[in-house]
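Going by the numbering used here, the sequence shown opens with residue 231, and the numbers climb by one from there.
The beta carbon of each residue, even a glycine, is placed where N, CA and C say it ideally should be.
Computed from a predicted structure; not experimentally measured.
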Amino acid sequence: MGPGRLETRPMFTTFADLMTDIIARIETGTPPWRQPWTTSSDPSLPLRANGAAFSGSNVWLLAYAGAVRGYTSPYWFTSKQALEVGAPVRKGAKAAPALLCKSRIVARAPHAAETDDEPIDRVMRFTKLYPVFNAQDLTDCPAAYLTPAKTDAAVRAAARNAMLEAVPAQIELGGSRAAYSPREDLIRLPAPEAFETVDDFLATKAHELVHWSGAAPRLNRAFGARFADQAYAFEELVAEIAACALGLQIGLRPQLLDSHAAYLAHWAKLLKARPNALMEASGHAQRAVAYLLAFSSAAAAGETGGGEND
């Protein structure tokens with residue numbers, strides 16, 4: 231180790247190690263994307279050094295890392311970014327793993343015969359880990375990164391309700407089961423008073439809205455050809471991760487219903503056979519969250535006169 235360099239210890243050194251830990255947690259009934267809600271009533275999205283929110287798998291992965299370590303700051307830095315703000319990583323600090331997903335084009339060999347079913351180029355994707363450190367593990371970190379602004383609970387609740395109400399899904403209240411019917415393109419929910427709290431009702435509604443987003447006229451999530459008899463379990467995994475990511479963004483505690491808990495064994499089996507399926511599910515979840523949030527953004531733009539025809 232060269233002079234002046236700190237020894238930093240990541241939580242995991244390989245993607246395989248990370249997946250082994252995640253699968254073990256799922257098998258014990260505690261998916262890591264739910265961990266932030268066990269230690270905080272109002273967790274927030276993990277943020278980069280520039281204030282932008284992380285996306286994809288890093289949303290729940292870093293929220294989980296922050297929760298199990300008791301961090302209150304949502305900010306995460308690479309060693310270089312820490313130096314740029316004049317707050318080097320504290321000696322002995324333990325890094326958390328963030329995922330970097332990249333792709334590159336591999337050109338077909340010049341002598342390969344051109345056929346209709348053989349593309350000229352191939353896209354190769356790969357995932358690797360890189361270490362990041364919470365603001366609380368930096369030396370003399372600027373206060374702005376350590377004490378995030380408090381959100382007024384009433385304001386956040388109003389924004390949360392407005393976001394969910396803006397989604398134009400057809401919802402039928404009544405009965406004892408929450409479900410989305412693709413055939414009818416209809417969400418059925420028990421009445422709000424059937425839930426222990428209003429937030430439980432809203433979290434269940436959010437979960438079913440994620441399913442609604444995947445219908446053919448919308449995001450068209452169809453996994454049968456890729457996952458066969460595991461397709462439905464994979465869709466539930468997408469909805470689970472999306473609902474939790476949405477909760478981190480709007481302050482809505484996810485709810486693990488008994489029917490969803492039944493999928494834990496399916497998820498563990500799926501991820502053992504196809505470790506990258508979790509990253510794929512996180513990608514679909516990110517697109518679902520963006521799709522649902524776009525309705526409230528469009529409504530807000532209309533209210534402020536941001537339309538093109540104004």
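Which residues DSSP lists as bridging Trp306, in chain order
Counted from its first residue, the sequence shown places residue 306 at position 76. Beta-bridge pairing links Trp306 to Asn364.
In angstroms with no decimal places, state the Cα-to-Cα distance between Pro323 and Ala283.
On the sequence shown, position 93 is the one that residue 323 refers to. On the sequence shown, position 53 is the one that residue 283 refers to. Note on residue identity: the sequence assigns Ala, not Pro, to residue 323. So the alpha carbons of these two residues sit roughly 23 Å apart.
Any idea if Tyr569 is buried or exposed, counting beta-carbon neighbours within 10 angstroms, 16 or more meaning buried?
Absent from the structure is residue 569, since the part of the chain shown begins at 231 and ends at 540.
With respect to the beta strand (DSSP E) encompassing Glu402, which residues constitute its N-terminal and C-terminal limits?
Here residue 402 is taken as the residue at index 172 of the sequence shown, counted from 1. Ile401 to Leu403 is the extent of the beta strand (DSSP E) around Glu402.
Take Ile401 and list the residues in its own chain whose beta-carbon comes closer than 7 Å to its own, dropping the five residues that flank it on each side.
Translated into the one-based positions of the sequence shown, residue 401 becomes position 171. Excluding positions up to five away in sequence, the list reads Ile417 and Leu419.
Reference Cys371, options Ala328, Arg320, Leu291 and Pro505, closest by Cα:
Here residue 371 refers to the residue found at position 141 when the sequence shown is read from its first residue. Considering only alpha carbons, the answer is Arg320.
Output yes or no for whether 9 Å exceeds the beta carbon distance between Pro276 and Asn288.
Reading the sequence shown from its first residue, position 46 is the one you call residue 276. Reading the sequence shown from its first residue, position 58 is the one you call residue 288. For Pro276 and Asn288, yes; Cβs fall inside 9 Å.
Taking the C-alpha atoms as reference points, what is the distance between Pro412 and Gln516?
Numbered from its first residue, the sequence shown carries residue 412 at position 182. Numbered from its first residue, the sequence shown carries residue 516 at position 286. For Pro412 and Gln516, the distance between alpha carbons rounds to 21 Å.
Compute the Euclidean distance between the alpha carbons of Ser494 and Ala254, then round it to the nearest angstrom.
Here residue 494 refers to the residue found at position 264 of the sequence shown. Here residue 254 refers to the residue found at position 24 of the sequence shown. Before going further, note that residue 494 is Leu rather than Ser in the sequence given. Cα to Cα, the separation comes out at about 11 Å.
Three-way DSSP call (helix, strand, coil) for Asp346 in this model:
By one-based count along the sequence shown, residue 346 stands at place 116. Residue placement at Asp346 is poorly supported in this model, since its pLDDT is 49, which falls under 50; the coordinates still yield a value, given next. In the structure shown, Asp346 sits in coil (DSSP, three-state: anything other than H, G, I, E or B).
Run the CB neighbour count on Thr244, radius 10 Å, all protein chains shown included, and call it buried at 16 or more, exposed below.
For the purposes of this step, residue 244 is taken as residue 14 along the sequence shown, with counting starting at 1. Its Cβ having fewer than 16 others within 10 Å, Thr244 is exposed.
Where does the unbroken alpha helix (DSSP H) through Ala388 begin, and where does it stop?
Residue numbering aside, residue 388 sits at position 158 when the sequence shown is read from its first letter. Where Ala388 is concerned, the enclosing alpha helix (DSSP H) stretches over Ala383 to Ala396.
Short Cβ contact (9 Å threshold) for Ala325 with Val362
Residue numbering aside, residue 325 sits at position 95 when the sequence shown is read from its first letter. Residue numbering aside, residue 362 sits at position 132 when the sequence shown is read from its first letter. Cβ distance < 9 Å, so Ala325 and Val362 count as in contact.
Specify the secondary structure class of Tyr301 as computed by DSSP and reduced to three states.
Taking the first residue of the sequence shown as 1, we reach residue 301 at position 71. Coil.
Please report how far the alpha carbon of Gly481 lies from the alpha carbon of Gln460, in whole angstroms.
Sequence index remark: in the sequence shown, residue 481 carries index 251 (1-based). Sequence index remark: in the sequence shown, residue 460 carries index 230 (1-based). If you take the alpha carbons of Gly481 and Gln460, they lie about 31 Å apart.
Between the Cα of Glu221 and those of Ala433, Ala492 and Leu478, spot the shortest distance and give me the residue it belongs to.
Outside the modelled stretch of the chain, which goes from 231 to 540, sits residue 221, for which no answer is possible.
Sorted by chain position, which residues of the same chain lie with C-beta nearer than 6 Å to Gln479's C-beta, five sequence neighbours on each side aside?
Translated into positions along the sequence shown, residue 479 becomes position 249. Contacts found: Leu275.
Counted within 10 angstroms of its Cβ, other Cβ atoms place Asn364 as buried (16 or more) or exposed
In the sequence shown, counting from the first residue as 1, residue 364 sits at position 134. Label assigned to Asn364: buried.
Compute the beta-carbon to beta-carbon distance between Ala472 and Ala518, rounded to the nearest angstrom, for a pair I have assumed lies under 8 Å.
As a first step, residue 472 is located in the sequence shown; it is residue number 242 there, counting from the start. As a first step, residue 518 is located in the sequence shown; it is residue number 288 there, counting from the start. That pair is a contact at about 4 Å.
Can you give me the start and stop residues for the alpha helix (DSSP H) that Tyr375 sits inside?
In the sequence shown, the residue the question calls residue 375 occupies position 145. Looking at the DSSP string, the run of the alpha helix (DSSP H) that includes Tyr375 is Ala373 to Leu376.
In three-state terms, what does DSSP make of Val315?
On the sequence shown, residue 315 is found 85 positions in, with the first residue counted as 1. Correct three-state label for Val315: coil.
Alpha carbon of Phe307 to alpha carbon of Ala399, nearest angstrom:
As a working note, residue 307 is residue 77 in the sequence shown. As a working note, residue 399 is residue 169 in the sequence shown. Near 39 Å, if we compare the C-alpha coordinates of Ala399 and Phe307.
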